[in-house]
Structures are given as structure tokens and as C-alpha cells.
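Working notes, structure below.
2 protein chains.
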Amino acid sequence: MPTQSNTRPNIVVIICDDIGFGDLSCNGSTMIKTPNLDLVARRGARLTSMYSGGPTCTPARAALMTGRIAPRTGAARVLFPGDNRGMNPNEVTMGAYLKGLGYATGCFGKWHLGDIPDSGPLKFGFDRYFGLPYSNDMDPMIVYRDEENVEEPADVASLALRCANEAIEFIDKTPKDQPFFVYFPFTSPHHPITPEDKFIGTSEAGLYGDTCEAIDFYSGELYKHISARGQIENTIFVFTSDHGPWWEGSNGGLRGRKFETWDGGMRVPFLISWPAMIPEGQVISQPVATMDLLPTLCNLLDIKPDSSMPFDGEDISDLFMKGSIADHGPIWYFDAFSLNAVRKGKWKLHRKRQTWGGEKFSQWSLPQLFDLERDPGECYDLGARHPDVVKELNDLMEKFEKSLNLAEADDREWWKGSTLGDSAGWNVQKV
Amino acid sequence: MPTQSNTRPNIVVIICDDIGFGDLSCNGSTMIKTPNLDLVARRGARLTSMYSGGPTCTPARAALMTGRIAPRTGAARVLFPGDNRGMNPNEVTMGAYLKGLGYATGCFGKWHLGDIPDSGPLKFGFDRYFGLPYSNDMDPMIVYRDEENVEEPADVASLALRCANEAIEFIDKTPKDQPFFVYFPFTSPHHPITPEDKFIGTSEAGLYGDTCEAIDFYSGELYKHISARGQIENTIFVFTSDHGPWWEGSNGGLRGRKFETWDGGMRVPFLISWPAMIPEGQVISQPVATMDLLPTLCNLLDIKPDSSMPFDGEDISDLFMKGSIADHGPIWYFDAFSLNAVRKGKWKLHRKRQTWGGEKFSQWSLPQLFDLERDPGECYDLGARHPDVVKELNDLMEKFEKSLNLAEADDREWWKGSTLGDSAGWNVQKV
Numbered sequence: 001m002p003t004q005s006n007t008r009p010n011i012v013v014i015i016c017d018d019i020g021f022g023d024l025s026c027n028g029s030t031m032i033k034t035p036n037l038d039l040v041a042r043r044g045a046r047l048t049s050m051y052s053g054g055p056t057c058t059p060a061r062a063a064l065m066t067g068r069i070a071p072r073t074g075a076a077r078v079l080f081p082g083d084n085r086g087m088n089p090n091e092v093t094m095g096a097y098l099k100g101l102g103y104a105t106g107c108f109g110k111w112h113l114g115d116i117p118d119s120g121p122l123k124f125g126f127d128r129y130f131g132l133p134y135s136n137d138m139d140p141m142i143v144y145r146d147e148e149n150v151e152e153p154a155d156v157a158s159l160a161l162r163c164a165n166e167a168i169e170f171i172d173k174t175p176k177d178q179p180f181f182v183y184f185p186f187t188s189p190h191h192p193i194t195p196e197d198k199f200i201g202t203s204e205a206g207l208y209g210d211t212c213e214a215i216d217f218y219s220g221e222l223y224k225h226i227s228a229r230g231q232i233e234n235t236i237f238v239f240t241s242d243h244g245p246w247w248e249g250s251n252g253g254l255r256g257r258k259f260e261t262w263d264g265g266m267r268v269p270f271l272i273s274w275p276a277m278i279p280e281g282q283v284i285s286q287p288v289a290t291m292d293l294l295p296t297l298c299n300l301l302d303i304k305p306d307s308s309m310p311f312d313g314e315d316i317s318d319l320f321m322k323g324s325i326a327d328h329g330p331i332w333y334f335d336a337f338s339l340n341a342v343r344k345g346k347w348k349l350h351r352k353r354q355t356w357g358g359e360k361f362s363q364w365s366l367p368q369l370f371d372l373e374r375d376p377g378e379c380y381d382l383g384a385r386h387p388d389v390v391k392e393l394n395d396l397m398e399k400f401e402k403s404l405n406l407a408e409a410d411d412r413e414w415w416k417g418s419t420l421g422d423s424a425g426w427n428v429q430k431v
Numbered sequence: 001m002p003t004q005s006n007t008r009p010n011i012v013v014i015i016c017d018d019i020g021f022g023d024l025s026c027n028g029s030t031m032i033k034t035p036n037l038d039l040v041a042r043r044g045a046r047l048t049s050m051y052s053g054g055p056t057c058t059p060a061r062a063a064l065m066t067g068r069i070a071p072r073t074g075a076a077r078v079l080f081p082g083d084n085r086g087m088n089p090n091e092v093t094m095g096a097y098l099k100g101l102g103y104a105t106g107c108f109g110k111w112h113l114g115d116i117p118d119s120g121p122l123k124f125g126f127d128r129y130f131g132l133p134y135s136n137d138m139d140p141m142i143v144y145r146d147e148e149n150v151e152e153p154a155d156v157a158s159l160a161l162r163c164a165n166e167a168i169e170f171i172d173k174t175p176k177d178q179p180f181f182v183y184f185p186f187t188s189p190h191h192p193i194t195p196e197d198k199f200i201g202t203s204e205a206g207l208y209g210d211t212c213e214a215i216d217f218y219s220g221e222l223y224k225h226i227s228a229r230g231q232i233e234n235t236i237f238v239f240t241s242d243h244g245p246w247w248e249g250s251n252g253g254l255r256g257r258k259f260e261t262w263d264g265g266m267r268v269p270f271l272i273s274w275p276a277m278i279p280e281g282q283v284i285s286q287p288v289a290t291m292d293l294l295p296t297l298c299n300l301l302d303i304k305p306d307s308s309m310p311f312d313g314e315d316i317s318d319l320f321m322k323g324s325i326a327d328h329g330p331i332w333y334f335d336a337f338s339l340n341a342v343r344k345g346k347w348k349l350h351r352k353r354q355t356w357g358g359e360k361f362s363q364w365s366l367p368q369l370f371d372l373e374r375d376p377g378e379c380y381d382l383g384a385r386h387p388d389v390v391k392e393l394n395d396l397m398e399k400f401e402k403s404l405n406l407a408e409a410d411d412r413e414w415w416k417g418s419t420l421g422d423s424a425g426w427n428v429q430k431v
């Protein structure tokens, strides 16, 4: 696939930690202003039915980075400091594919796919790393540069600023004839909310909104810096979230939040601009997945994927480039190792559910079949009206589950009976 | 307070079990048609910020029936068959007040304020009773006529029809010069969903929607029957819900559902018509509470309340009659004995939360202060911006809690550590 002037595009992938679909003004927020992200949306495409790889951090990032469903990757559930394990070292990440193509690759922010040094970014194809390997509510909280502990405990409030500066320095150090890949996973607006002083009071939506405006600002700093270098025309610039919002934030009126396989837990904002190749001002409602991004890049850049690590995601370049797509495969809603739900076209079948501590109770109402076009809030079970669809989607899930032949099945027990408050590695923090 | 022709108005109070704010077409549903209820809304007032007395059945009904917060009444939490207890016998219900005024009083449907005979409707001021004393997912499931077991297990699907017929017969038997009070608590659309055959397939929202359309139909039957008797002009006709929806149903885009003190768990639909006295076509957003209804009736009918059982609710007749109201006191959000939140004006302070099995975990983010006018979905905590408001509302809650001097404190332990699935009295039913 040729690209502009036969120069490979630069790539920036920004992912936030827990930002909601409705927290961007281009997605309808009236209390948070995100002018820089709105500009990205105007200059490219805004996707309104983009699904993450899971309703928690680690699996969502594993799927984005590998193009594969998280349960295949050994990173199906949230990792904690002290787990002493990470994503399967055989996985080939977006970083590794792009590095293999000659890209300069840097990761600036929250990794959350395993411990440094054994399974940090430098083990998965990144030349440089600066940031927090785990969430901002996990102990110990260490800032790493590459594989070196440079700060403990982390000064979280200044991380976005410092990561942006590191990314900009990385871009500036990359020779102009070498393309760069900046993976920029914000540590925010994950609880606890700790915005940098200069953003406190900027939004109408409290500290959470201030943090979202900081995210917009630093996303804009990257965008503007690349623009100032004359490179934005040939940069694929992506903005998204790992999953739905948690204690605060807007899920855009959907049902559910982080930790849940309701759409509110897994439908995420997604903006992509590439002025040289992607028509401007598109709003696209086709259901697709963040794990489609890597297969899409492979197609656009003529990368031959590693056949031992086949993608679950699909090439969706036609969606951005031509505004059309052939039928997309099912959208899978995994909660760790549990395939809770599937979406195919307008239909979603919710077969299992994790309501912490109340799983048995929740099974009363399952399965539930929703028409997400008429009923995006998942209010009305149409299963009794469409038993054929229930059977079709249930069969689809069973077949897919059987095909997975998952290793490390003991991890499936991890959450069992958990009340979260007792979870190892999580620490109640006062802010 | 004089009423039309010095004849006391008839009163019909319909309350549904678990119907959501957004499940009525007059409240925005596009998948469920409720033409009869829409007519009630057009002929009177539709309230958009009406709060129930609790996010579960028993306390919500206790507050409606007594005009008092449920923790005062001995019915602060869900009652189960086998509890062998009910609402405090000293409580004076809407039924008792109206009976004392010469009304014929009948209750047709789900009582859920205690066991029959010891604390059934006939002990609380009703002349007649027909229906299910507990929820349609509790065992044993017995239909009572007055205090007699007439059917076990109950044929739930036909209950709405039979209750409507009983209510109509009761109305017809009441002499025309005697006013009647029909309290009509539907057992639906509470899970399990069991609509009458003739409604299956009528709605676009599955069996749940069909059940809502059945509710509309039978509400309409009562309305039409009273109209046909020439009495609708002087009938106060009320329609509401006990709390937010559960497994299915629309909370109208609010946050949370049944069992939660988010607004989605406690803001309910509320329609009131009284053509002789209430102007038509009103839409009222003033925050008020279902427990205001009894104090309001007392004022309208010149009833002297029992001073030993003082109301927490307020007379809000001016709201319907004149479209105005003096400042309303705080809206209290109780979860059983726990005062989780308060609303005053546009502000809501959420101080505690019950997320089943994850209470410790949920405390991370509390308290949270929301501006319900800008942010009805409770997405953005403004506490850090308005510490004065946090303090004011927190003080208000502490003062109110201290004033309560609640009896039966051991009941506070009832839910502690519960995962619901193990709750006594609840039985997983297959539908």
C-alpha cells in the first residue's frame, strides 16, 4: 500500500486511562472543552462505535498493542506490581512491527503489560520508554526511564507534562528521514485525580474535567509540534481510551462503566487523522475494535504479520480511506477470560456478567439480547422475540470459546469471589 | 381546602414495581407506547424530578404510604416472606387517613409492607385487599383476598387483569356519594417478566416493553372506567414507580438503577391529573418526593395529621395547582438505614454508596458533589471546587441522621457483606 511520497507515515497513538466516550466536546460534552481533540476529529474521522479489548486496563492495552484478543496474550486481566509476570513474550506488538520496519519507537506513559525489565516496553519493540508501568493507584509507584527506576514514588501530577516533553524530544531526535511511532498512554484521568496545578479550575467539570482538559492540551502539544515540523500531513494521529469511565466521567449515555461488559464499559472515543490520506470530517458508526488498528497499519504499511500470532482484529483502512467496509467480524466482549457478550451487526447477546460479588444474582436475567441501533442503552431484552438470533450468537460465542484453547486457565479463578477491596496490589488512596 | 362542589375527590394511586423513568412514551420512550398514561400527563402534570423513598420496594412504598422516610417506619429494607415482621403498626398510612375521612379504601396488587394478617393492608386502613403481598420473585407466592390465601402459587401473568377487575368492582360497589381511594400497586414489570398472553408482542421492547404496555392498558382501564362513571373530573389520578429499573428498563439516561442511590435508582416517573383543580399540560422539574403526596392530600382534604407520626414529606399542592412552590426541603437518599446522599436545589452530595460486595472499594471516590442541573448523569464531582457546599450538605446529613434516633438498629446489619445471591427469601427463578 503506497503512502504519500513513498514516505512512511509517522504514527502517534494516544490512549487515556479511563476517559469516557462523552468526555470530549466533539462527542457531546458540554462541561469539558477539548478543542485540540475536536480539531483531530474535524481533520479526520470520529468513530462512534469503537470497542476496546476489555473493560479494564491491561487487556484493553494488550489487544490494542497486539491486534489480538487479550486472553490469547497472557494479559487477560489487570496486572499488579508484584505479579512478576507480564504479557506473553512471544507476542509481537505494534511497537515491534513498526520497529522492524525501521521506525523509531517510543512509549511515554502507562505501560501496564508487565514488569520492567522482564516484560516492559523495551522487551516489546520500543526503543525508548518513560513513564509509569502500572496504574496511578498501585504500589509501588515508580517512574522508569527505559528500564531504570528514576523516581519513587512518582510525582503523578506532572507526568503528562513530562511524558509530552519526552515524546517531543524523542520526535526531535528522530532523523527526518526516519518515521517515528509515539505510543502515548496517559496515566489519567484514572482515579485518584491529580491534575497539574495549572489546569485546576480550567473546566466546568471539576478536577476530572480539568484532567481531561490537560489531556486535550498535551495531545494538542504533540499535534502542534508535529505540525510545526511540517509532518502532520503524513502522520497517522490516533486518540482513544482503554475502556469506559470509572468513578467519574461520562459514558455518553450508555449502560455500565469500567469493569463491565455493558457497552458503557467498552465503547470508547476514537479519533484518527492522517490528512494526506484520510478524508476530513468523517463520523463513522460502523462497529469496529481498537485491536483493528494494528492489522490496519500492517495493511497500510505492507507489513507481513507473524503467522504464529494471528490477528483477531481486522484491516479497517477502507473505513477511513473510502468510508466503506465489508462486514466486520463479531465484536467480542471479554471480562478477563470470560467471553461475556458478542455484538454482530446491530445485535448484542449478553450471556454472562460480572457484577462484583453478585454474579450468581445477576444470572437471573441472562442471556439478554439487545438491538444496539434502537436501544443503545441496553434496556430491553429482545431474546424472547428473536430466539434464532440468540441461538446464532450463542453458537458463535461457544465456537469461538472452544477455538481459543487458552493457556493459564488458572488465571480464570483470579477474580472469582473477589470483592475488589481485598484485591492484592490495590491500595486505598486518599486524595 | 375546598374541593369541587364540596365533594371530596376520589383518589387513585398507581405504583409500578421497577418501571423506569424512560419507559413511558411521555417521558421519551421510542420503543414503548403508553397512550393512556400520556393522556394522564396531558390532562394534568408530569413531574421530571420526583424522588422515591428508596431504591428498593419496601422503603419506597413505606415512604409513599406514610409520608415519612422509611427508616422511621420499621420498613427500611426489603421485606421477605418469613421475616414475620412488617411496618411499625403505629404508622398511619394514606389508607388510614382517607378511611378516617370516610373514604372507601381498597388496595389491589403488591403490598410489600409486611405479612398478612399481622401487617397486611387491612391492618393499615384498607377495607379491601386483593393481590400479592411480596414481590413476584419471592417464595411462597400467595394471592390473598383480604386476609385469606386464595391462590398458591400465584398465577402472576393474570394478576394485573384481575387486580384491575377487582378495583373496578370495588369502585362500582362504592356508593356515588362516598369517595373512594384505590391504591393500585402493580407487581410488574419486576423480574421475572411474565406478561399476559394478549400483550406478548405488542411493544417494540420485548417482554419488558409488553409488560409496560399492559401496565398502560390497565391504568387506562381504571381511568376510562372512572371517566365513564362521570367521576374523572373530580378524581386525583396518580401514576408512579417505586424506584428505578432493574435488569431491564430505561432510567431515562440517569446514572444507576434499582438498589443504588444514584438518581437512576430513585428518580421515578410521576403523573398526576385532577381536571377539576389541576391545570392541564404541566411539565414540572422542581425536585420533590413521593412521600410529599400524603402531606399534600392532607392539606387538600383538610386532614389533621397524627402528631405522633410527623411527616417528612411536604405539602406540594401549590406545585400542581399554581405551578409554584416555596423552597422544598432536602431530598434524602436512603439505602435501608444508610443516608447515602442528599439533594438540595441543584446540588447532590453522595457520601456513601452500596455497590453490592464492593463497598470498601467504592469509598475511594467519596464524597462526590454533583450539579444535577448541568450534570444529571452524575459524571463530574465538583466537591473540590465547592468545599462550602460539601460542608453544608454533609452537615445537613449528619444533623438529620442524629435527629433520627432510629429503633431496630440491628437491622442495619442486614445487608452487611451480603452478596444478594445468598439472601434469604430470594429464589432464582427460571423464566
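These protein sequence lines are chains A and B, in that order. Mapping of the first sequence onto the UniProt record's numbering: position 364 corresponds to residue 364, and the numbering continues sequentially without gaps. Mapping of the second sequence onto the UniProt record's numbering: position 289 corresponds to residue 289, and the numbering continues sequentially without gaps. The C-beta atom is built at its ideal place from N, Cα and C for all residues, glycine as well. Keep in mind that this is a model prediction, so the values were computed, not measured.
Item, Value
"is_contact[Q368 of chain B, chain A] using C-beta, thresh 9 Å", "yes"
"Inter-stretch contact (C-beta, 8 Å, three-pair minimum) for the region 83 to 94 of chain B and the region 105 to 124 of chain B", "yes"
"Three-state secondary structure assigned by DSSP to M277 of chain A", "coil"
"Per-residue contacts from M266 of chain B into chain E (C-beta, under 8 Å)", "Within the model displayed, chain E is absent; protein chains A and B are what it includes."
"In DSSP terms, what G82 of chain A is bridged to", "Per DSSP, none; premise fails for G82 of chain A."
"Proximal chain B residues relative to E380 of chain A, where beta-carbon distance stays under 7 Å", "In the sequence as presented, Glu is not what sits at residue 380 of chain A; that position holds Tyr. Under the 7 Å cutoff, chain B gives M31, A205, G206, Y208, G209 and E248."
"Where the region 384 to 399 of chain A meets chain B: residues whose CB sits under 7 Å from a CB there", "A384 and R385"
"Cutoff 8 Å; reference I226 of chain B; Cβ partners in own chain excluding five residues on either side", "N10, V12, I171, I232, T235 and F237"
"Contact list for D375 of chain B against chain A, beta-carbon separation under 7 Å", "M31"
"C-alpha distance - T93 of chain B paired with G345 of chain B, whole-angstrom precision", "28 Å"
"Cβ shell of E359 of chain B (< 6 Å), same chain only, five flanking positions each side left out", "Because the pLDDT at E359 of chain B is just 48, under 50, the model does not fix this residue reliably, and the value given afterwards should be weighed accordingly. Excluding sequence neighbours, E359 of chain B sits near nothing in its chain."
"Chain A contacts made by the region 174 to 198 of chain B, where a contact means CB separation under 7 Å", "H191"
"Residues that L271 of chain A bridges to, as DSSP identifies them", "A:R46 and A:F239"
"Of the listed residues B:Y208, B:G265, B:G252 and B:G74, nearest to G28 of chain B (C-alpha basis)", "B:G252"
"Chain A contact for W415 of chain B (CB, 9 Å cutoff)", "At W415 of chain B, the pLDDT of 45 sits below 50, so the modelled position is not reliable and the matter cannot be decided from this model."
"Buried or exposed (CB count within 10 angstroms, at least 16 for buried), N136 of chain B", "buried"
"Three-way DSSP call (helix, strand, coil) for Y97 of chain A in this model", "helix"
"Extent of the continuous beta strand (DSSP E) to which G106 of chain B belongs", "A104 to F108"
"Sufficient close CB pairs (3 or more, under 8 Å) joining the region 172 to 191 of chain A to the region 96 to 114 of chain A", "yes"
"Extent of the continuous alpha helix (DSSP H) run through C16 of chain B", "Element bounds for C16 of chain B: not the alpha helix (DSSP H) but the beta strand (DSSP E), N10 to C16."
"Candidates B:R257, B:L294, B:F320 and B:G329: closest to L393 of chain B by CA position", "B:G329"
"Segment contact flag, the region 70 to 78 of chain A with the region 53 to 62 of chain A, C-beta cutoff 8 Å, min 3 pairs", "yes"
"Selection from A:I19, A:S49 and A:P89 that minimises the alpha carbon distance to Q286 of chain A", "A:S49"
"Limits of the alpha helix (DSSP H) - the one that F394 of chain A falls within", "Here residue 394 of chain A is Asn; the residue named in the question, Phe, does not match the sequence. P387 to L404 is the span of the alpha helix (DSSP H), which, as asked, contains N394 of chain A."
"Burial state of K178 of chain B, where buried means 16 or more other Cβ atoms lie within 10 Å", "One detail in the question is off: residue 178 of chain B reads as Gln in this sequence, not Lys. Exposed is the call here."
"is_contact[G114 of chain A, chain B] using C-beta, thresh 9 Å", "no"
"DSSP state of H225 of chain A mapped onto helix, strand, coil", "helix"
"Partner residues on chain A for G345 of chain B, Cβ-Cβ distance less than 9 Å", "Per Cβ cutoff of 9 Å: no residues; G345 of chain B is ~18 Å from chain A at best."
"C-alpha gap between K99 of chain A and F126 of chain A, whole angstroms", "7 Å"
"Proximity below 9 Å, CB of M291 of chain A to CB of G53 of chain A", "yes"
"Sequence-distant residues of its chain with Cβ nearer than 8 Å to M321 of chain B (five each side left out)", "M277, I278 and P279"
"Short-range partners of chain B found in the region 262 to 287 of chain A, where Cβ spacing is below 8 Å", "none"
"Sub-9 Å separation of P175 of chain B and D18 of chain B beta-carbons", "no"
"CB of T56 of chain A within 9 Å of CB of K258 of chain A, strictly", "yes"
"Cβ separation of P295 of chain B and D318 of chain B, assumed to be a contact under 8 Å, to the nearest whole Å", "With 8 Å as the limit, P295 of chain B and D318 of chain B do not qualify as a contact, their Cβ atoms being about 12 Å apart."
"Partner residues on chain A for W111 of chain B, Cβ-Cβ distance less than 7 Å", "Correct list: empty, because the minimum Cβ distance to chain A is about 23 Å."
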